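Trainee: Start counting the sequence shown at 6; every next residue gets the next number (the working numbering). I have a structure I would like to understand better, so I am pasting it below and will then ask my questions one at a time.
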Amino acid sequence: QGELEKARATAQRAVKTITFREQDEKFNVYMAWLNAEIAYGNEESTDEVFKMAMSLSSQSKVLKTALDIFELAGKTARAQHVAKTLCKLYGDAPESWIRVIRF
Numbered sequence: 006q007g008e009l010e011k012a013r014a015t016a017q018r019a020v021k022t023i024t025f026r027e028q029d030e031k032f033n034v035y036m037a038w039l040n041a042e043i044a045y046g047n048e049e050s051t052d053e054v055f056k057m058a059m060s061l062s063s064q065s066k067v068l069k070t071a072l073d074i075f076e077l078a079g080k081t082a083r084a085q086h087v088a089k090t091l092c093k094l095y096g097d098a099p100e101s102w103i104r105v106i107r108f
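Given below as structure tokens:
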């Protein structure tokens, strides 16, 4: 757990340091952090990171990437929840439905 705490601290510092103009970099940090929480954290910490990532301006990108991450991690219930959210928020975008169908 010590290494996970170090990774969390590093991710938190990165998110605070990265400027608003570098949203892609911030996105990358959140997705790496989400992967770490899925692999080594618990459901509560995973939810917390997911909610923080959703505060980014590109929520559709977060949802699509999180869907892939949860699916690859074997977290089917979480992936289904993300898929429903993606369709509810971005149901008018054909790409959203294509992602869900592929899932």
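Glycine is no exception: its CB is placed at the ideal position from the N, C-alpha and C atoms. A quick note: this is a predicted structure, and the numbers were derived from the prediction, not measured.
When DSSP labels each residue in this structure, what does Glu27 get in the three-state scheme?
Mentor: Taking the sequence shown and counting its residues from 1, one reaches residue 27 at position 22. If DSSP states are grouped into helix, strand and coil, Glu27 belongs with coil.
Trainee: Once DSSP output is grouped into helix, strand and coil, what is the label at Met59?
Mentor: To locate residue 59, count along the sequence shown from 1; it is residue 54. Coil at Met59, not helix or strand.
Trainee: For Thr22, which residues of its own chain have a beta-carbon under 6 Å away from its beta-carbon, when the five flanking residues on both sides are left out?
Mentor: The sequence position of residue 22 within the sequence shown is 17, counting from 1. No residues qualify anywhere along the chain.
Trainee: Which same chain residues, not among the five before or five after Tyr95, have their C-beta less than 6 Å away from its C-beta?
Mentor: The count along the sequence shown starts at 1 and reaches residue 95 at position 90. If we look at Tyr95 and ignore the five residues flanking it on each side, its Cβ neighbours are Ser65, Ser101.
Trainee: Give a single yes or no on whether Ala37 has its beta carbon closer than 6 Å to a heavy atom of the ligand PLP.
Mentor: The ligand PLP is not among the ligands present in this structure, which contains no ligands whatsoever.
Trainee: Between the Cα of Phe75 and those of Gly7, Thr24, Glu48, Met57, spot the shortest distance and give me the residue it belongs to.
Mentor: Numbered from its first residue, the sequence shown carries residue 75 at position 70. Comparing Cα positions, the closest option is Glu48.
Trainee: Helix, strand or coil for Asp97? Go by DSSP, reduced to three states.
Mentor: Counting from 1 along the sequence shown, the entry for residue 97 is found at position 92. If DSSP states are grouped into helix, strand and coil, Asp97 belongs with coil.
Trainee: Sorted by chain position, which residues of the same chain lie with C-beta nearer than 7 Å to Ala19's C-beta, five sequence neighbours on each side aside?
Mentor: Reading the sequence shown from its first residue, position 14 is the one you call residue 19. Here the set comprises Val34.
Trainee: If you reduce the DSSP assignment to three classes, tell me which class Gly7 lands in.
Mentor: Walking along the sequence shown from the start, residue 7 turns up at place 2. Gly7 falls in the helix class under three-state DSSP.
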